Structure formats: C-alpha cells, structure tokens
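For the record, the sequence lines run as chains U and Z. Position 285, counted from 1, in the first sequence is what this note's numbering calls 285; the numbers after and before it change by one each time, with no gaps. Position 15, counted from 1, in the second sequence is what this note's numbering calls 15; the numbers after and before it change by one each time, with no gaps. A virtual CB, placed ideally from N, CA and C, is assigned to each residue, including glycine. Since the structure is predicted, the reported quantities are computational estimates derived from the model, not experimental observations.
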Amino acid sequence: MTKKGYYGKWGGAFIPEILHETFNELNKVFEEVKADPQFWEDYFDLMSTYSCRPTPLTHAENLSKHFGGCQMYIKREDLNHTGAHKANNVMGQGLLVKRMGKSRVIAETGAGQHGVATATMAAKFGFECTIYMGEEDVQRQRPNVFWMEKLGATVIPVTTGARTLKDAINEAFRDWVSSMDTTHYVMGTVCGPHPFPEMVAWFQSIIGQETRGQILSRFEKLPAKVYACVGGGSNAMGIFQGFLADSGVELVGVEAGGLGLDSGQHAARLAGKDGSQGVAQGYKTMFLQDNDGQMLDTHSVAAGLDYIGVSPILTDLWEKGKIRFEAATDEEVLDALDLTMKKEGIIPALESAHAFVQAFKDAGKLSADQAVIINMSGRGDKDIFTIAHAYDDPSWKKFIMKKGKAYAAEK
Amino acid sequence: MQLKNDIRSALTDKKILLMTHIVLGYPSFEANRETIKQMVENGVDLIELQIPFSEPVADGPIILKASQDAIASGVKVRDCLDFAAEITATYPIPFLFMTYYNILFKFGLAEFFAKAKRTGIKGFIIPDLPPEEGEQYLELARKYQIAPVLIFAPTSTDQRMRFLSSQGEGFIYCVARKGVTGRKSELNEEFDSYMGRCRQATDLPIAVGFGISSKEDVELLTGKADIAVIGTATIKLVAANGPHAVGPFIASLR
Ligand SMILES: Cc1ncc(COP(=O)(O)O)c(C=O)c1O
C-alpha cells in the first residue's frame, strides 16, 4: 500500500513541525468535505452562479481546416470568472476557509491569475488577503498586480532567489508559519505538501467532468488526444481526470521549452533531460536542480509555467507511461498564439498557448473523424505587455511612450 | 547516544550551554574558520553548521540571504563536508549539520550519513523532515550513531511532543515561537508554560532557539533550558563587523 499523500513514490508532506497541527486540521476538514455530497453541490452552485460553469467546449473549425485532419476542440477555461481555471480551485478552498473559520488568506502567484482569483474570492467572502509574487513576475504581469490591489489584496513583491514562482511559494510558507491561527494558505496548483495536490486536483476535476460530457454529446465519441499546458499541473490534472480511465485517449502535457530543451533555459521537468528527483517546497517530485540539490533558475515566456517542480500526481502518471510530456519553446508559443487569434478570434494566455503548439504539431497525423481537445487554461489579456513586447508592436509602443510622458509631466 | 552524553557531562559544570550557528561558506570558509575559533575560545559548547540550500523555508531573511550568497559564490556540499572534517579535527566540542532534506536526498541518504560520520559530525537538524517522512533517515541515524535532533514547536500538542521525543536523539530543539528564524522571541509566562510542557514530554536535553541574542535572554533561559541557541545574531555580527567581533559577543553572554 502506498503511504497517504503519495502517488507511487512521489508526493508526501515534508513540513516543518510548526505546521503539523495546521495540516492535521486541514486534512480533517478536507476528508469531511470529500465525504459530504452537499459540499460539492454548494461548490457546483457557486461556480455556476458566480462564475460561468460549465465553460463551453468550442469547435475550432478554422484551425481544424487549416491543419487538415482532426477536429479541434477548445475547452474554454478563459471564460471562467477571472479568466482562468484558477478560480475553480480558489473558490473551493474559499469554502474550506469558511468552514475552518479563518479570516485571512495568502497565496503565491506566478502569472497573477491565481493571485487575482484569490483576491476575488477574498473580496467575495470577506477575508483579508496577501499575495506573494516574484519581483520578475510583478514586472511581466503588471495588469494582474493592478487588479489584485484594486480587489483589496496586498501584493508583496518577492526579491529573493530567482524572484519567480518558487520564491513566492517560500515567502507564503514563511508567512504561514507565524499566521496559521487565522490564515489559510491557498496553494495555487497541484504541488506542495499533502493534502494540496489531492485537494487542488479534486476542485479542478470539474473541468474534466464537464469536458467528457461535452465531447460525447457534440462529437459522439471520445477524443483521440487531450492537451494541456503544465506549470504545477492544475489545469492539466483538471482536464485529464475526465479521461484517465479511457485507454484510447492519449493525454499530453506540455511544459515550457523556453529557449529550447538544450539551452538550460526552460522549465521542462519531465519532457527534457534536466529534471531529477528531489524534495523541496514540501513534496517529492522531479525538480530542475543541480547535482548538489540546489534549485536552478528556470525560464519561460509564460510566468505561470516558470517553475522548478511539477505535480507529484503527474510525475507518477508520467512514470507509469499514462501521460506523454512535450515542451513548446517561447517562439513556437508566440506563433501558435498569433494563429489562434487570427483563425478563431480567441486569445489564449501564454501558458495555455503551449498546449496549442503541441496540438498543432500533431494535428496532421490524425484523421477527420478524430477529435482532439486543447485545454485553454486562461485568456491572454494579462499578457498584453509581454505579447506586445515580443511582437515589437509599433503602435502599442508609441502609446506607452505617450502615456509615460503624460504621467511624467504630472509631477 | 554520544551527543546526549556529551551534553549531560558539559551540564555538570555549566548551568546552561551555548549553541551557535554558522552558514557554511558565508561570507567565506576563511571567515567561518575564524568565527568558529572565536566561538570555541569564548566558551561555546556546540555549533550548528548549516549547509546552504537554495530554498530554506524555515529561515528568515538573514539566513536566507547568507545561504543564497554562499551558493552564488560557488559553495558546494562537498566543500562543506571537507570543511566540517577539518573543524571537527581541530576542536573538541560537538558539531552538528543543519540543512534541508534535499541536500541529503540528492547526495544519497546512506552516503551522506556515512560521509558525515567520517567527518566527525555528531547530529543532524533537518527542519523540513518530520519523522513520518524520515523512516529511513531515522534508521540510518541509529546505524551511524548520528543524533537526529527533532524539533518541538509551541503548536505541538503534548501527545505530539511525546511522539517526537521517542523518535529523536541527542537533544530536542524547541523553537521559542511561531515564524521563521531571526526575529526576537518574547520569553514571557506563555513561554514558561510551553517550556514546562516540553520538559514533561521528554527526558532529552532541551535547546531553545529563535531570536536569542543577549545576556538577558540567556539568563532568562537558565534553569529552564539546557542549551541556548544563538543563531542569526552572530551571522549578522560577522556580516557587519567581521569574525573578530564574535569572541567578545559570546563572552558577554554568560
Ligand atoms: C492561464 C494559466 N494557465 C496555466 C497555468 C499553470 O498552472 P497549472 O499548471 O497549475 O495549471 C497558470 C498559472 O499561473 C495560468 O495562469
């Protein structure tokens, strides 16, 4: 029998003693709600009234034609409230926080989507909210910082380490070890110590449940392949859970290939050769680390994928050959994004665009009576600065310079 | 176990022992060498040697920065082991390794124990390894007779403390308050009742750390704890005034 909180040899709960009781309580409440059908009903009701669940499954006819071959479907998590799948997890944990009677929430964020979702949940439920965000991510996801602050959250830029997602997680833990009496840490992905991987996967399973029903009703059979980008792995776990039992459906996780798998500048823990097993941030998985066990700097154009570790649940499924892992480079991502905007009028987040890249690569090898599903984990609006910069967009630049000048003149 | 006996016998001459802390390779091994010399010459009884890790979640800003600077300057785990061997051969007091689990895991757990044993290290403190995750670790600790020092926190229940005491060796490291290293702890009535609970739960010697930095702190701990842990305070001092400031500081504590 595997130990609790383990998936094969991955996972666990490597937590400092000070948090032992906090995790006991969290585990207890989580076990209670899992056994309580009313909880899931309340959650479902919240997600269909406060957010837009079920989110649509869009048939991307133009892209399907363009690649000639399979029927492409897009699961529209961008239409979830706050613009990404992150709300599924956050609203669920919000209900847990209410049950535990805590009054403050903290979270890490990379792309800012989890931070915005948490700040939104805190506003709705009346919690105090602090968001930790790597300084580098504050710079590249500025619109989300603005919204978090407007929603009433305090955003703390993290200036230690690589100044990205892993450092934000460390700081959130450092907050939590003194504030646990009143505060819940809303972990944003299927990583960290048990029960977080299981809990976040549970809330995100709503994506897969919906998608399975939708494809069977629209296409009348199961898809050949399902694609999802993988940062920590929550949107991927969400959609994959709808198809894990179907041996005919290939599940494809797409990691950040950055400047290429041989460049040392990527965040591909499973698709590349650079990952190795380790224990950090409370769990055991494949990490990007050096021979001493020091974590490496990762790179991706997408802040939400720019992370050293990956879900222990996904690592186990990868090890067992149940999920294929691929990587998409920054450049491929920008091309796929451009094509999707032009052909479908849909703007995926830079993270989500990684999944599109691999679906586009595979499309030609499939036939017209086969379907593939791409999980579009979020919308691209948050990336306006990064994308405009990457395309070196002249009219945008002119606008920013004019705005800058006007602000400077105010002083 | 040897560490526990060393502590017990040192306690026959002194009312309270002092344990200090250094981050290996920060600001340099040369500075570590001088700092340790100053510490031992001024009566420090045990020293924690922290092998830097890139993600030190239990540490506050000072030790975090020290760890990151050490790694950035090229300090490797093997350098730390070599340095430890040199130091344990030079001074008669017990030295311990403090680090995070990934350092041992990546090195190879059994190999790390074997190497540390040859190095003359007497105990390990691994704050992110609860006994539930450390079955193999605890087994190897028994095999190699290296004390796996476990931690009590103010949030630990009495039952939990008794369990930890049954799993740990050498001494118990009691963190004086919630939070990370580096900030001051209030040694008030609430703290006294916590100390009482710690004593009830274990027969092992008790060390108290987190924010202990002055003679007053050490005095307040005398009679309650067996070991006062001075961590961040000397790291700050070395960074600000160099290793030579450490001797007088230590001498002023007791
Ligand atoms: C839109 C979007 N997609 C994907 C991710 C990656 O996270 P995960 O792998 O947990 O889905 C993020 C994370 O910030 C995100 O904002």
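Output the distance between the C-alpha atoms of G74(Z) and T99(Z), rounded to the nearest integer angstrom.
-> As a first step, residue 74(Z) must be located in the second sequence, where it is residue number 74. As a first step, residue 99(Z) must be located in the second sequence, where it is residue number 99. Cα to Cα, the separation comes out at about 17 Å.
Any 3 or more C-beta pairs closer than 8 Å across the stretch 347 to 360 of chain U and the stretch 78 to 86 of chain U | Short answer: they touch.
Rounded C-alpha distance that separates V208(Z) from E17(U) | Here residue 208(Z) refers to the residue found at position 208 of the second sequence. Here residue 17(U) refers to the residue found at position 17 of the first sequence. So the two alpha carbons sit approximately 15 Å from each other.
Straight-line Cα distance separating H299(U) from E210(U) | In the first sequence, the residue the question calls residue 210(U) occupies position 210. In the first sequence, the residue the question calls residue 299(U) occupies position 299. Distance between the alpha carbons of E210(U) and H299(U) is about 33 Å.
Scan the stretch 161 to 188 of chain Z and note each continuous beta strand (DSSP E) run of 3 residues or more that stays entirely inside, going in chain order.
-> Whole beta strand (DSSP E) segments, 3+ residues: 172 to 175.
Whose CA, out of G380(U), Q294(U), V372(U) and T49(U), lies closest to the CA of P56(Z)?
-> Residue numbering aside, residue 56(Z) sits at position 56 when the second sequence is read from its first letter. The option with the nearest alpha carbon to P56(Z) is Q294(U).
Considering only the beta carbon of each residue, do T35(Z) and I22(Z) sit closer than 7 Å?
-> As a first step, residue 35(Z) is located in the second sequence; it is residue number 35 there, counting from the start. As a first step, residue 22(Z) is located in the second sequence; it is residue number 22 there, counting from the start. Against a cut-off of 7 Å, the Cβ pair of I22(Z) and T35(Z) comes out as a contact.
Collapsed DSSP secondary structure at G304(U) in the structure displayed = Here residue 304(U) is taken as the residue at index 304 of the first sequence, counted from 1. In this structure, G304(U) counts as helix in the three-state DSSP scheme.
Is the Cβ-Cβ distance between V372(U) and C70(U) less than 7 Å?
-> Locating residue 372(U) in the first sequence gives position 372, counting from the first residue. Locating residue 70(U) in the first sequence gives position 70, counting from the first residue. Yes, the pair counts as a contact, with Cβ atoms nearer than the cut-off.
Would you be able to state if there are at least three C-beta pairs under 8 Å between the stretch 305 to 312 of chain U and the stretch 253 to 271 of chain U?
-> Touching, yes, given that three or more Cβ pairs across the two stretches are closer than 8 Å.
Spell out the partners DSSP gives A228(U) in its beta bridges.
-> Mapped onto the first sequence, residue 228(U) falls at position 228. G253(U), per the DSSP bridge assignment.
Closer than 7 Å is what we want: which residues have a beta carbon that near any heavy atom of ligand 1? List them in chain order.
-> Per the Cβ criterion, the list is A84(U), H85(U), K86(U), T109(U), G110(U), A111(U), Q113(U), H114(U), G188(U), T189(U), V190(U), C229(U), V230(U), G231(U), G232(U), G233(U), S234(U), N235(U), A236(U), A303(U), G304(U), L305(U), A349(U), E351(U), S352(U), S377(U) and G378(U).
Could you run through the stretch 5 to 18 of chain U and flag, in chain order, every residue whose CB is less than 9 Å away from some CB of chain Z?
-> Under the 9 Å Cβ criterion, the stretch 5 to 18 of chain U contributes G12, A13, F14, I15, P16, E17 and I18.
Whose Cβ in chain Z lies nearer than 7 Å to the Cβ of N170(U)?
-> Translated into the one-based positions of the first sequence, residue 170(U) becomes position 170. Listed along chain Z are E55 and V57, each with a C-beta nearer than 7 Å to that of N170(U).
Min CB distance T232(Z) to chain U below 7 Å = The residue labelled residue 232(Z) in the question sits at position 232 within the second sequence. No - not a single Cβ of chain U is within 7 Å of the one on T232(Z).
What is the DSSP secondary structure of Y144(Z), counted as helix, strand or coil?
-> As a first step, residue 144(Z) must be located in the second sequence, where it is residue number 144. Y144(Z) falls in the helix class under three-state DSSP.
Consider the C-beta atom of Y144(Z) and the heavy atoms of ligand 3; say whether any pair is separated by less than 6 Å.
-> In terms of ligand content, the structure shown lacks ligand 3 and carries ligand 1 instead.
Report the three-state DSSP secondary structure of C129(U) (helix, strand or coil).
-> Here the question's residue 129(U) lines up with position 129 in the first sequence. Of the three classes helix, strand and coil, the one that applies to C129(U) here is strand, per DSSP.
For F173(U), return the contacting residues in chain Z, with the cut-off set at a CB-CB distance below 7 Å.
-> Working through the first sequence from its first residue, we reach residue 173(U) at position 173. Result: V57.
Hey, is S311(U)'s beta-carbon within less than 7 Å of any beta-carbon in chain Z?
-> Your numbering for residue 311(U) matches position 311 in the first sequence. No, its Cβ sits nowhere closer than 7 Å to a Cβ of chain Z.
Taking Cβ to Cβ, would you say I212(Z) is nearer than 7 Å to V238(Z)?
-> By 1-based counting over the second sequence, the position of residue 212(Z) is 212. By 1-based counting over the second sequence, the position of residue 238(Z) is 238. No Cβ-Cβ contact shorter than 7 Å links I212(Z) with V238(Z).
Sorted by chain position, which residues of the same chain lie with C-beta nearer than 7 Å to V246(Z)'s C-beta, five sequence neighbours on each side aside?
-> The residue given as residue 246(Z) occupies position 246 in the second sequence. By the criterion of a C-beta distance shorter than 7 Å, V246(Z) is surrounded in its chain by T35, Q38, M39, T234, L237 and V238, once the five residues flanking it on both sides are discounted.
Any C-beta of chain U under 7 Å from that of V77(Z) = Here residue 77(Z) corresponds to residue number 77 of the second sequence, with the count starting at 1. At least one chain U Cβ lies under 7 Å of V77(Z).
Span of the beta strand (DSSP E) around I103(Z) = On the second sequence, residue 103(Z) is found 103 positions in, with the first residue counted as 1. First-last for I103(Z): Y101 to F107, but that is the alpha helix (DSSP H), not the beta strand (DSSP E).
For Y185(U) and I169(U), the rounded distance between their alpha carbons | Within the first sequence, numbered from 1, the residue matching residue 169(U) stands at position 169. Within the first sequence, numbered from 1, the residue matching residue 185(U) stands at position 185. Distance between the alpha carbons of I169(U) and Y185(U) is about 10 Å.
Nearest residue (CA-CA) to M187(U), options S205(U), K166(U) and K411(U) | Residue 187(U) sits at position 187 when you count from the first residue of the first sequence. With distances taken between Cα atoms, M187(U) lies closest to K166(U).
Under the three-state DSSP convention, the category E219(Z) falls into = What you label residue 219(Z) is simply residue 219 of the second sequence in a count that begins at 1. Secondary structure of E219(Z) (DSSP, three-state): helix.
Could you give the distance in angstroms between the alpha-carbon of L433(U) and the alpha-carbon of N89(U)?
-> Limits of chain U in this structure are 1 at one end and 411 at the other, which puts residue 433(U) out of reach.
Simplified DSSP assignment, three categories, for Q277(U) | Within the first sequence, residue 277(U) is the residue found at index 277, counting from 1. DSSP places Q277(U) in strand when its eight states are reduced to three.
G134(Z) vs V149(Z) beta-carbon contact at 7 Å = Counting from one through the second sequence, the residue named residue 134(Z) turns up at place 134. Counting from one through the second sequence, the residue named residue 149(Z) turns up at place 149. Going by C-beta atoms, G134(Z) is not nearer than 7 Å to V149(Z).
Per DSSP, what kind of secondary structure is N375(U) in: helix, strand or coil?
-> On the first sequence, position 375 is the one that residue 375(U) refers to. If DSSP states are grouped into helix, strand and coil, N375(U) belongs with the strands.
Determine, using beta carbons only, whether Q38(U) comes closer than 7 Å to chain Z.
-> In the first sequence, the residue the question calls residue 38(U) occupies position 38. No, Q38(U) lies away from the interface with chain Z (no Cβ there is under 7 Å from its Cβ).
Could you have a look at H81(U) and say whether DSSP puts it in helix, strand or coil?
-> Position 81 of the first sequence holds residue 81(U). For H81(U), the three-state secondary structure derived from DSSP is helix.
Taking buried to mean at least 16 other C-beta atoms within 10 Å of its own C-beta, is H244(Z) buried or exposed?
-> Your numbering for residue 244(Z) matches position 244 in the second sequence. Counting other Cβ atoms within 10 Å of its Cβ, H244(Z) stays below 16 and is therefore classed as exposed.
Measuring CB to CB, does N144(U) end up less than 7 Å from K382(U)?
-> By one-based count along the first sequence, residue 144(U) stands at place 144. By one-based count along the first sequence, residue 382(U) stands at place 382. Yes, these two residues count as a Cβ contact at 7 Å.
Alpha-carbon spacing of F105(Z) relative to Q136(Z), whole angstroms | Mapped onto the second sequence, residue 105(Z) falls at position 105. Mapped onto the second sequence, residue 136(Z) falls at position 136. F105(Z) and Q136(Z) have their alpha carbons spaced roughly 11 Å apart.
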